[in-house]
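Protein chains in written order, with our numbering: chain D, 11 to 259; chain B, 11 to 259. Cβ coordinates follow ideal geometry from the N, Cα and C atoms, glycine included. To keep things clear, I will list the structure first and then write my remarks on it.
Number of protein chains: 2
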Amino acid sequence: MTEHNVPESHPRHDSLLTRHRIEAGVEQGLTSKQGLIAEGRGEAFDYLLGEETIPSAAAAERVAAAYLVSADAPVLSVNGNVAALVPDEVVTLAETVDATLEVNLFNRTPERVSSIIKHLEAHGAANVLGADPTAHIPGLEHDRGKVAADGIATADVVVVPLEDGDRADALAEAGKTEIVIDLNPLSRSAQAAAVPIIDNIIRAIPAITAAAHDLLSTSNEMCSYLIEDFDPEQARHDAERRIRNGVSS
Amino acid sequence: MTEHNVPESHPRHDSLLTRHRIEAGVEQGLTSKQGLIAEGRGEAFDYLLGEETIPSAAAAERVAAAYLVSADAPVLSVNGNVAALVPDEVVTLAETVDATLEVNLFNRTPERVSSIIKHLEAHGAANVLGADPTAHIPGLEHDRGKVAADGIATADVVVVPLEDGDRADALAEAGKTEIVIDLNPLSRSAQAAAVPIIDNIIRAIPAITAAAHDLLSTSNEMCSYLIEDFDPEQARHDAERRIRNGVSS
């Protein structure tokens, strides 16, 4: 099967689509070895979640949209797996909430940053940051902490899908409102997040975009209400219960 | 950290060691893209198992040893991840139980078969089969079903660690007593196995070898007793309960 002939009705549709895209990402120089291993970890957790968006994740996706719609300077951080898995979807989300796209890699090489920027541009992005990161997030060693001065360094809300734990901690320490998409509710990234979204990124990003469209046509009070009503601890707990106890819980 | 400075006391010791070895396996041409993804899936399940050998897996490892010690023509099937993760350990197990080593790849290329054979030979193996597979397991398409005539084709007991579901089913159909090592108790391979070992291969292979040493110095009746007393369904169920309910179960 190729991506284009995985039937929507296939019981493992999301899993097969994800796998095809991540393997194509290796061919295109987007995905690293670490990225392939991370993809496998995600597959296992998604399998245990039933490969569907659980209600608490859908709620977290609406809250993420509320933060992004209300933000002054939102940034979507893109790494190799994000670019391989959801290039159209992150470009559409960035346009919808007027966010900046910034490439940030755990294993940074100029070649891979450049490949990812070109890939996003081929999918319609304009002005992707990350090729020249002159600022630095405190608490991280030199290369790990590099960010764009007009991107993450000055952002108030950052979406960091599939992020490393050290960086997720440092971004939270730096006062960013952090939205993490991660299938492991026990990961340090999910623990550090103001909004942990325990869902497959190929389901999560379109859901955030759809919720943002809804919120853009309602009052600011709705965003405030969603944000104040959200309990990240409860979201992590719900996902862990689902993983541990199965679909019946 | 490199493999040689992961301290034994590190709480994620097995996970880090596994990751280092699998990445080195890519550099050496042993591990494929699919192998990296499979490694990540294993990491997630091992994380949920508590990264330790649970009692039912330890029991399954003793039963595997009993089958191997009693077998007429046992074969250990080796793929890229097995070669990358436990080269010394599979060579030692093969010597201990007088088993044949055979390279079998889901994505077979002559180059990768040759790299794996050379890698095993560098770790002390003699006469590794798989370079010239002239026999065929029924029920599998051409390349997928190739096996060595004097190896898996005529084996009575086969150890297939980290095996694909279709092949595990076909080997069981062909009447082989199948010992599967797989961290997902719900996988088709684990379901097809006479002895499903739900454990990390880097813990499982040395445990089988240790149990085989014990059994070689006892009576044949002990092997028969272990084999007859074993319930594969119960082993899978115990592992699933541990994954679902956590270490407290």
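Practice item. Return the Cβ separation of B:Val100 and B:Val88 in integer angstroms, given the expectation that the two are a contact with Cβ distance under 8 Å. Key: 6 Å
Review point. Could you give the distance in angstroms between the alpha-carbon of B:Asp142 and the alpha-carbon of B:Val157?
Key: For the pair B:Asp142 and B:Val157, the Cα-to-Cα distance works out to about 8 Å.
Point to revise | Proximity of D:Ile208 and D:Ala200 at Cβ, strictly below 8 Å | key: yes
**Study point:** Option in D:Arg177, D:Lys128 and D:Ser229 with minimal Cα separation from D:His152
**Key:** D:Arg177
Review point. With a CB to CB cut of under 6 Å and the five nearest residues on each side skipped, what residues in its chain are close to B:Ala145?
Key: Cβ-Cβ distances below 6 Å link B:Ala145 to Val157, Ala159 and Ala163 in the same chain, with the five nearest sequence neighbours on each side left out; the list follows chain order.
Check your understanding: Considering only residues of the same chain and omitting the five flanking positions on each side of B:Ser227, which have a CB-CB separation below 7 Å?
Key -> none
Review point. Mind pulling the chain D residues with CB within less than 8 Å of B:Arg29?
Key: Ile47
Review point. Regarding D:Val157 and the ligand HEM, is the C-beta to nearest heavy atom distance less than 7 Å?
Key: The ligand HEM is absent from the structure shown, which contains no ligands of any kind.
Review point. D:Thr187 lies in the beta strand (DSSP E); which residues open and close that run?
Key: Thr187 to Ile191
Check your understanding: Would B:Gln244 be called buried (16 or more neighbouring beta carbons within 10 Å of its own) or exposed?
Key -> exposed
Exercise for review: Identify whether D:Ala141 lies in helix, strand or coil by the three-state DSSP scheme.
Suggested key: Note: D:Ala141 maps to coil in three-state DSSP.
Exercise for review: State the DSSP-derived secondary structure class of B:Glu112, mapped to helix, strand or coil.
Suggested key: strand
Review point. Can you find a C-beta in chain D that's less than 8 Å from the C-beta of B:Arg251?
Key: no
Review point. Looking at C-beta atoms only, is the number of pairs between the segment 25 to 32 of chain B and the segment 25 to 35 of chain D that lie closer than 8 Å three or more?
Key: no
Practice item. Provide the residue span of the alpha helix (DSSP H) that contains B:Ile253, from first to last. Key: Pro242 to Asn255
**Study point:** Neighbour flag for D:Arg118 against chain B, beta carbons, 8 Å
**Key:** no
Exercise for review: Would you please verify whether the beta carbon of B:Arg51 is less than 8 Å from any beta carbon of chain D?
Suggested key: yes
Practice item. Please classify D:Ala69: is it buried, with 16 or more other beta-carbons within 10 angstroms of its beta-carbon, or exposed? Key: buried
Point to revise | Cβ shell of B:Thr63 (< 7 Å), same chain only, five flanking positions each side left out | key: Asp209, Arg213 and Ala217
Check your understanding: Residue range of the beta strand (DSSP E) that D:Val101 falls in?
Key -> First-last for D:Val101: Pro97 to Val107, but that is the alpha helix (DSSP H), not the beta strand (DSSP E).
Practice item. Determine the DSSP secondary structure at D:Ile207, reduced to helix, strand or coil. Key: strand
Review point. Rounded to whole angstroms, how far is the Cβ of B:Val107 from the Cβ of B:Val79, which I believe are closer than 8 Å?
Key: 6 Å
Point to revise | Every unbroken beta strand (DSSP E) inside the segment 144 to 182 of chain D [3 residues or more] | key: The beta strand (DSSP E) runs lying completely inside the segment 144 to 182 of chain D and spanning 3 residues or more are 167 to 171, given in chain order.
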